[in-house]
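Throughout the sequence shown, residue numbering follows full-length UniProt numbering, covering 1 to 71 in sequence. Ideal placement from N, C-alpha and C gives every residue a C-beta, glycine not left out.
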Amino acid sequence: MNLSAFHQPYKNDREGHPAYDPAILLKIILFAYSKGITFSREIQWCCETNIIFKVLSCDTRFYLKCLKTQR
């Protein structure tokens, strides 16, 4: 899958927290939706507690705001 459209906005190293890899966010969101999980808070909770989500996210801690803006 070509993710080049996501990588241009991803290159923001000037301010704030370093950006999350778009490929990781896409994997998490697609997997969550396939399991019927659509709420950002629930996806965040799964990334902290569920081993499958931890593997998909490379054990990265996502903030709720980040997950909301990516959907």
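Residue i in three-state terms, based on DSSP
| i | result |
| --- | --- |
| I37 | coil |
| F31 | helix |
First through last residue of the alpha helix (DSSP H) which encompasses residue i
| i | result |
| --- | --- |
| L3 | It is not in any alpha helix (DSSP H) - L3 carries neither H nor E in the DSSP assignment. |
| F53 | 51 to 56 |
Under 8 Å between C-beta atoms of residue i and residue j
| i | j | result |
| --- | --- | --- |
| L56 | I28 | yes |
| Y20 | T60 | yes |
| C46 | F62 | no |
Alpha carbon of residue i to alpha carbon of residue j, nearest angstrom
| i | j | result |
| --- | --- | --- |
| L30 | R41 | 15 Å |
| N2 | L25 | 14 Å |
| F53 | Y33 | 12 Å |
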